[in-house]
Amino acid sequence: MKILMLTWEFPPRIVGGVARHCFGLAQALAQRGHEIYVITLEFPGAPAYEDMDGVKVYRAAIELGHPNFLTWVLLFNHFMEKLAARLCHKVKPDVIHAHDWLVSPSAISLKQYLNTPLILTVHSTEVGRAQGLHGPDSFTIDGFEWWATYEARRVIVTSEAMKNEVAGHFNLSRDKIETIPNAVDFERFEVSVDRQMIRRKYIAPHEKMVLFTGRLTPQKGVEYLIQAVPLILKRNPEAKIVIVGEGWLRDGLQNLARSIRCQDKVFFTGFLSERDLEEIMVSSDVLVVPSIYEPFGIVALEGMAAGAPVVASRTGGLAEVIEHGQTGILVYPRDPESIAWGVSQVLSNQNYAQQLVKNSKDKLRKNFGWNAVAEKTIKLYEEVLKG
Amino acid sequence: MDPHEHPSGFAVPEEFNLLCMLFNIGVIKPEKSLTTKEISERIRMEVSAIESFLPKLIQEGYIMVSKTDFTDKYYVTPEGIRKVLSIYS
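Heads up: the sequence lines are chains A and B, in that order. Letter by letter, the first sequence follows residues 1 to 387 of our numbering. Letter by letter, the second sequence follows residues 1001 to 1089 of our numbering.
Structure (structure tokens):
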């Protein structure tokens, strides 16, 4: 099968989980002998074309810009579409698979131009990310999302929570929506590291590492983790919070840490390379995922694969990935007291923490590998092609 | 609502809007770098405002200065790109 994948994020252009998802899926499909053509956007240092483990990656140069965000989105879609159209003179894809609304204008045009079925994966929605539609841009993005779900032959979501959200918000038939969970590449985290050396980069020898990793945006709930720091320290004085990632909220979070006088106990690393990220996850004592909105929460899977006990908000896909008390600890979202309790459960009881890790690794291997995701995705492609 | 205030209640840093606009107009490589006057014309922001925001963005590694014989030019670094994309993703 020839699959044309459209995504605005693809390594090394990694912001959130979408890049990792697209790369993992593309690689798994290519390993099964399918021809995968990824159309994505340029990134400094990345070539215009490369073969990544059998995945053919084409990066569109954005030749025109505009200060307005939505105009810029339409412009980059134009250049993605041009690149895809040139490619499709040589290769006729069987399926177009688009990821999120950002590439929906080019995906919809290509669907019509090539007369090829469009599959859309909705990784998140504007109404969820922004916790409501708060302005004209939000309404426009919401409109693009609705249009893309309307045009797609089938819509993929990564959790049952997202299925409910997408079906309800876009008034979409549930039959059109398929839940295919995210996955994790276990081997990435089977790295041999000098754990003590890695820990020394971020914490003192006597400290325990409470790790957050993700985009620093309100959706991720990092403010509640920081608010929980004094409570965590009361129970576990040796704890230190290490926050990995970038985002517009970083200044606000650093100010928050200062305002509650715990800046010495919160360390912001900024963006880390994939390798550094794997090493820090493997070396942490607990991974906290305090999101207030999380369609899936691939970071929880990564933590589980890395052998870190996971404490996560009971929200969206996280509540489906983690079985409370068995494969991790679920806490109330937006609740610092609950987060502190969850962290304490792990830091204060080493045997319990180890049992969570063991259970979660078993569950991961059974349910969240790329092989299973690729098989389900191919089955969906085949159903679509049969009509 | 304050134009810089996010629904979460956190204020979007003012210099962040400049970073986003520089990214959106494609100033992401040394060869595409622009002077403050050129930036002002492209994004319709006062040169004085641009000059007040640039030092912090440079200090944090989100903007790089490309030196020429005549004037300084500016472009968004990969770290700056990731910072911008975090709000769009």
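In this text, a Cβ means the ideal position worked out from N, Cα and C, and glycines have one as well.
Limits of the unbroken alpha helix (DSSP H) element including residue i
i: H21/A; result: 17-31
i: I260/A; result: Where I260/A is concerned, there is no enclosing alpha helix (DSSP H), given that its DSSP letter is neither H nor E.
i: I292/A; result: Per DSSP, I292/A belongs to no alpha helix (DSSP H) and is neither H nor E.
i: R195/A; result: 195-200
i: S338/A; result: 336-347
i: V166/A; result: 160-169
i: R365/A; result: 350-367
i: I203/A; result: Premise fails: I203/A is in no alpha helix (DSSP H) and is neither H nor E.
Three-way DSSP call (helix, strand, coil) for residue i in this model
i: S313/A; result: strand
i: E35/A; result: strand
i: K379/A; result: helix
i: M52/A; result: strand
i: A60/A; result: strand
i: H324/A; result: strand
i: L272/A; result: coil
i: K386/A; result: helix
i: V1012/B; result: coil
i: K1037/B; result: helix
i: R139/A; result: According to the sequence provided, residue 139/A is Phe. The question's Arg does not apply to it. Looking at F139/A - three-state DSSP - the assignment turns out to be helix.
i: V1084/B; result: helix
i: K208/A; result: strand
i: T1068/B; result: coil
i: T388/A; result: Residue 388/A is absent from the structure shown; chain A starts at 1 and stops at 387.
i: I1025/B; result: coil
i: I1063/B; result: strand
Chain B contact for residue i (CB, 7 angstroms cutoff)
i: G247/A; result: yes
i: R215/A; result: yes
i: G325/A; result: no
i: W72/A; result: yes
i: P11/A; result: no
i: G65/A; result: yes
i: V357/A; result: no
i: N15/A; result: In the sequence on display, residue 15/A carries Val and not Asn. V15/A counts as touching chain B.
i: P105/A; result: no
i: G252/A; result: yes
Beta-carbon gap between residue i and residue j smaller than 7 angstroms
i: G199/A; j: S283/A; result: With the sequence shown as reference, residue 199/A is identified as Arg, and Gly is not the correct amino acid for it. Yes, the Cβ-Cβ distance between R199/A and S283/A is below 7 angstroms.
i: L6/A; j: V103/A; result: yes
i: V73/A; j: V57/A; result: no
i: L216/A; j: G247/A; result: yes
i: V1161/B; j: L1034/B; result: There is simply no residue 1161/B to check, as chain B begins at 1001 and stops at 1089 in what is shown.
i: L172/A; j: T158/A; result: no
i: I36/A; j: A30/A; result: yes
i: H89/A; j: I3/A; result: no
i: P333/A; j: I292/A; result: yes
i: N236/A; j: L347/A; result: yes
i: V310/A; j: I232/A; result: no
i: E126/A; j: I141/A; result: yes
i: A228/A; j: I119/A; result: no
i: L110/A; j: A84/A; result: yes
i: E187/A; j: I156/A; result: no
i: I62/A; j: F76/A; result: yes
N-terminal and C-terminal residue of the beta strand (DSSP E) that residue i is part of
i: D1072/B; result: 1072-1076
i: A239/A; result: 239-244
i: R154/A; result: 154-157
i: I329/A; result: 329-331
i: S192/A; result: Per DSSP, S192/A belongs to no beta strand (DSSP E) and is neither H nor E.
i: E178/A; result: 177-179
i: L6/A; result: 2-6
Cβ of residue i within 7 angstroms of any chain A Cβ
i: K1073/B; result: no
i: P1030/B; result: no
i: V1047/B; result: no
i: F1070/B; result: no
i: E1051/B; result: no
i: I1025/B; result: yes
i: L1057/B; result: no
i: M1065/B; result: Here the sequence assigns Val to residue 1065/B, which means Met is not the residue at that position. Judged by the 7 angstroms Cβ criterion, V1065/B is not in contact with chain A.
i: H1034/B; result: Per the sequence shown, residue 1034/B should be read as Leu rather than His. It does not; no Cβ of chain A falls within 7 angstroms.
i: V1037/B; result: The residue you asked about is not Val; residue 1037/B is Lys in the sequence shown. Cβ-Cβ to chain A under 7 angstroms: no for K1037/B.
Residue-level contact to chain D via CB, residue i, 7 angstroms cutoff
i: V122/A; result: Among the protein chains in the structure shown, which are A and B, there is no chain D.
The ligand SAH heavy atom lying under 6 angstroms from the CB of residue i
i: E238/A; result: No copy of the ligand SAH appears in this structure; indeed no ligand is present at all.
Just list the alpha helix (DSSP H) runs in the stretch 62-133 of chain A, keeping only unbroken ones of 4 residues or longer that don't cross its boundaries, in chain order. Here the runs fully enclosed are 69-87, 104-114, 126-129.
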